[in-house]
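*Asks:*
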Amino acid sequence: MRLLEDEMDAGLSPATHKKACVKMFPTYVRDTPDGSEIGQVLALDLGGTNFRVLLINLLGHAQITLTSKIFVIPQSIMLGEGMNLFRHLADCLLDFMRKENLVKSNVRYPLGFTFSFPCKQEGLASARLTSWTKGFSCPGVVNEDVVKMLQQALDEKNINVQCVALVNDTVGTLMACAYKDPHTAIGLILGTGTNACYMEQLDKVGTWDGDYNEPKQVIINMEWGAFGDNNKLNDIRTKYDEEVDLSSLNPGKQLFEKMISGMYMGEIVRLIILDLMQRELLFLGHREGYSDYKAPLFSRGGFYTKFVSTVETDEGIGFSNTRRVLEDIGILNPTYDDCAIVQHISRHVSKRAARLAGAGLAVLINRINRSNVTVGVDGSLYRYHPRFKRNMEKCMQTLVNKNIKFKLALSDDGSGKGAALVASVADRSS
Ligand code: ADP
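Under UniProt numbering, read the sequence shown as residues 1 to 430, first letter to last.
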């Protein structure tokens, strides 16, 4: 917790920001919604598992209705020339607007763009891409203003839409949750990756280049997955963490994320299982004549993070789910001990992840220091793992200052709804 706090201060200070690994990007979002927002807003959500177009009706009194459609981004576009990606997004939006009867000459709809890639924001509707991640690699976009590129593609096709805000998925999650619960001051993602954002006081943000009017606060997108990239977490990393990192697409990067998120948790469990097999402590019945080295257990990524959830749903001594998972990875007749050991490994790897994320949240909650703080959370790991929330809460109860009440709230459709809320507020004040 102390290390994270130091890294946060380094990211917020103009003298050290450039070299800091926890980037602490100011988002230019200065306030949370109060539930009274009304209007029709469009949103695009790019950077999660799916690309979605959404139409959000803000009805006031914290009520929202939503229509959305998922579109596929072909591999050729994910790797093709940058402007073509934005033209593709514009085509999908137009297709959706035609179906929803929104193509009109006398209305210009505000649009919020959830773009969940690392960006240096220069305003609410201006952000330069730092680097592509998650399988995208379109030439001609890094260092460019992605809002400008999107708006150019919309204008080329005469689409009656103005992109008024760009947000990260953590910010979307915070905003969507704040619409229902005004105590929300933190957004957390626990999915493919992990990241968090929170409301910070302007006097703590040395890198702030905007105005100092009320409210004297701004949401900071931490990019906390990169915590530890300067070797500061080495004391708590294991040889399995090292192995996961070395065989990843981005060695040396996102080390905190690699101990926590869905993209890596199953792989950590797999490496521990293999190690115990080698030390003749597991699957002893398979030692003789184990010939199927093509089984998923022996290939990278062969133990999915959802298997960790499945194994942990077993209660008692039957282990029916654990047996099913072991069969899937090529272990056909596990003993009671085999199952118990695999469950023990899964519980500890996921508990460690929950406690690391929980300790990170405790830093933020203590720093915000209000009597009530709600954390909006989204992502499949948090949503579907049977103990993740409980394990986080247990750990946080010991780490959060006793005068503060905290709550973890699942945020449904957060990233899209949140972008629409930011857009609606931006549109009203413009
Ligand atoms: P994204 O973060 O890409 O927007 P998700 O929130 O759906 O998308 O997260 C996807 C990640 O969640 C994957 O890495 C996957 O391993 C993990 N995941 C999917 N289902 C489960 C589950 N049942 N239990 C734990 N993790 C899961």
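Quick reminder that beta carbons are idealized off the backbone N, C-alpha and C, glycines included.
Give me whichever residues DSSP pairs with L129 in a beta bridge.
*Replies:* As a working mapping, residue 129 is identified with position 129 in the sequence shown. L129 is bridged to C119 and V142.
*Asks:* Indicate the three-state DSSP secondary structure (helix, strand or coil) for Y198 in the structure shown.
*Replies:* Taking the sequence shown and counting its residues from 1, one reaches residue 198 at position 198. DSSP, reduced to helix, strand and coil, places Y198 within a strand of the structure shown.
*Asks:* Taking 5 Å as the limit, tell me which residues put their C-beta closer than that to any heavy atom of the ligand ADP, in chain order.
*Replies:* G48, T49, G191, T192, G262, M263, T305, K306, S309, G379, S380, L381, Y384 and H385
*Asks:* Using 8 Å as the threshold, is the stretch 371-390 in touch with the stretch 129-149, meaning 3 or more CB pairs across them?
*Replies:* no
*Asks:* Measure the CB-CB distance between T374 and K407 and report whether it falls below 8 Å.
*Replies:* Within the sequence shown, the letter at position 374 stands for residue 374. Within the sequence shown, the letter at position 407 stands for residue 407. For T374 and K407, yes; Cβs fall inside 8 Å.
*Asks:* Span of the beta strand (DSSP E) holding D378?
*Replies:* What you label residue 378 is simply residue 378 of the sequence shown in a count that begins at 1. Segment N372 to D378, the beta strand (DSSP E) holding D378.
*Asks:* By a C-beta neighbour count over all protein chains shown, 10 Å radius and 16 as the cutoff for buried, is R355 buried or exposed?
*Replies:* The residue you call residue 355 lines up with position 355 of the sequence shown. Under a 10 Å Cβ-count criterion, R355 is classified as buried, with 16 or more other Cβ atoms of the shown protein chains found around its own Cβ.
*Asks:* Count the C-beta pairs between the stretch 68-76 and the stretch 159-179 that are closer than 8 Å, then say yes if the count reaches three, no if not.
*Replies:* no
*Asks:* Please state the DSSP three-state secondary structure of F51.
*Replies:* If you number the sequence shown from 1, residue 51 lands on position 51. Correct three-state label for F51: strand.
*Asks:* DSSP on V311, reduced to helix/strand/coil?
*Replies:* Translated into the one-based positions of the sequence shown, residue 311 becomes position 311. Helix.
*Asks:* Are the Cβ atoms of A20 and E7 separated by less than 8 Å?
*Replies:* Locating residue 20 in the sequence shown gives position 20, where the first residue counts as 1. Locating residue 7 in the sequence shown gives position 7, where the first residue counts as 1. Result yes, Cβ atoms of A20 and E7 sit closer than 8 Å.
*Asks:* Could you tell me the boundaries of the beta strand (DSSP E) in which Q41 lies?
*Replies:* Along the sequence shown, read from residue 1 onward, the residue named residue 41 stands at position 41. The sequence shown places Val at residue 41, not Gln. Counting along the chain, the beta strand (DSSP E) containing V41 begins and ends at I38 to L46.
*Asks:* Could you check where the alpha helix (DSSP H) with Q254 kicks off and where it finishes?
*Replies:* As a working mapping, residue 254 is identified with position 254 in the sequence shown. First-last for Q254: undefined, no H or E at that position.
*Asks:* Examine the Cβ distances between the stretch 33-48 and the stretch 247-260 and report whether three or more of them are shorter than 8 Å.
*Replies:* no
*Asks:* Within 7 Å: the Cβ of I317 and any heavy atom of the ligand MN?
*Replies:* Judged by which ligands are present, the ligand MN is missing from the structure shown, whose ligands are the ligand ADP.
*Asks:* Using 8 Å for Cβ pairs, my map puts I260 next to A353. What's the rounded Cβ distance?
*Replies:* Locating residue 260 in the sequence shown gives position 260, where the first residue counts as 1. Locating residue 353 in the sequence shown gives position 353, where the first residue counts as 1. With a Cβ gap of about 4 Å, I260 and A353 count as contacting.
*Asks:* How big is the Cα-Cα spacing for C395 and L271?
*Replies:* Sequence index remark: in the sequence shown, residue 395 carries index 395 (1-based). Sequence index remark: in the sequence shown, residue 271 carries index 271 (1-based). Taking the straight line joining both Cα atoms gives about 26 Å.
*Asks:* Look up G289 in the DSSP assignment and say whether it is helix, strand or coil.
*Replies:* Working through the sequence shown from its first residue, we reach residue 289 at position 289. Any reading at G289 must be qualified, since the residue scores a pLDDT of 48, below 50, and its modelled position is unreliable; the value itself is stated next. Looking at G289 - three-state DSSP - the assignment turns out to be coil, as it is neither helix nor strand.
*Asks:* With three or more C-beta pairs closer than 8 Å as the rule, is the stretch 147-158 touching the stretch 321-337?
*Replies:* No: the two stretches stay apart, fewer than three of their Cβ pairs being nearer than 8 Å.
*Asks:* Given K204, which residues of its chain have a CB within under 7 Å of its CB, disregarding the five upstream and five downstream residues?
*Replies:* On the sequence shown, residue 204 is found 204 positions in, with the first residue counted as 1. Taken in chain order, the residues that qualify are L12.
*Asks:* Using a threshold of 8 Å, state whether the C-beta atoms of G112 and A420 are closer than that.
*Replies:* Reading the sequence shown from its first residue, position 112 is the one you call residue 112. Reading the sequence shown from its first residue, position 420 is the one you call residue 420. Contact flag set, yes.
*Asks:* Nearest CA to the CA of R300: which residue from R128, M265 and N213?
*Replies:* In the sequence shown, the residue the question calls residue 300 occupies position 300. The shortest C-alpha separation from R300 is found at M265.
*Asks:* In chain order, what residues of the same chain have a beta carbon less than 6 Å from the beta carbon of G172, not counting five sequence neighbours either side?
*Replies:* Taking the sequence shown and counting its residues from 1, one reaches residue 172 at position 172. Once the five neighbours on either side are set aside, the close Cβ partners of G172 are T114, G414, S415, G418 and A419.
*Asks:* Report the rounded CA-to-CA distance for G289 versus F307, giving the unit in angstroms.
*Replies:* Position 289 of the sequence shown, counting from 1, holds the residue named residue 289. Position 307 of the sequence shown, counting from 1, holds the residue named residue 307. For G289, the pLDDT reaches just 48, beneath the cut-off of 50, and the residue's location in the model is therefore unreliable, leaving the point undetermined.
*Asks:* Closest to N168 by C-alpha separation, out of P296, D45, K351 and V311, would be which residue?
*Replies:* The count along the sequence shown starts at 1 and reaches residue 168 at position 168. For N168, the nearest C-alpha among the options comes from D45.
*Asks:* Quick check on V343: buried or exposed, where buried means 16 or more other Cβ atoms within 10 Å of its Cβ?
*Replies:* Your numbering for residue 343 matches position 343 in the sequence shown. Here residue 343 turns out to be Gln, not Val, going by the sequence shown. Per the 10 Å Cβ criterion, buried.
*Asks:* Leaving out five residues before and five after I329 in sequence, what residues of the same chain have Cβ atoms less than 7 Å from its Cβ?
*Replies:* Locating residue 329 in the sequence shown gives position 329, counting from the first residue. If we look at I329 and ignore the five residues flanking it on each side, its Cβ neighbours are A295, P296, L297, G302 and F303.
*Asks:* Do you know offhand how far I186's Cα is from D235's?
*Replies:* Position 186 of the sequence shown, counted from the start, is the residue given in the question as residue 186. Position 235 of the sequence shown, counted from the start, is the residue given in the question as residue 235. The alpha-carbon atoms of I186 and D235 are separated by roughly 28 Å.
*Asks:* In terms of residue numbering, what span does the alpha helix (DSSP H) encompassing G228 cover?
*Replies:* As a first step, residue 228 is located in the sequence shown; it is residue number 228 there, counting from the start. Per DSSP, G228 belongs to no alpha helix (DSSP H) and is neither H nor E.
*Asks:* Whose C-alpha, out of K239, G225, M277 and Q278, is nearest the C-alpha of K258?
*Replies:* Indexing the sequence shown from 1 puts residue 258 at position 258. Of the listed residues, the one whose Cα sits closest to K258 is G225.
*Asks:* Rounded to whole angstroms, how far is the Cβ of H17 from the Cβ of T207, which I believe are closer than 8 Å?
*Replies:* Taking the sequence shown and counting its residues from 1, the one referred to as residue 17 is at position 17. Taking the sequence shown and counting its residues from 1, the one referred to as residue 207 is at position 207. Yes, they are in contact, since the Cβ atoms of H17 and T207 sit about 5 Å apart, within 8 Å.
*Asks:* Name the DSSP beta bridge partners of T184, please?
*Replies:* Counted from its first residue, the sequence shown places residue 184 at position 184. According to DSSP, T184 bridges with T374.
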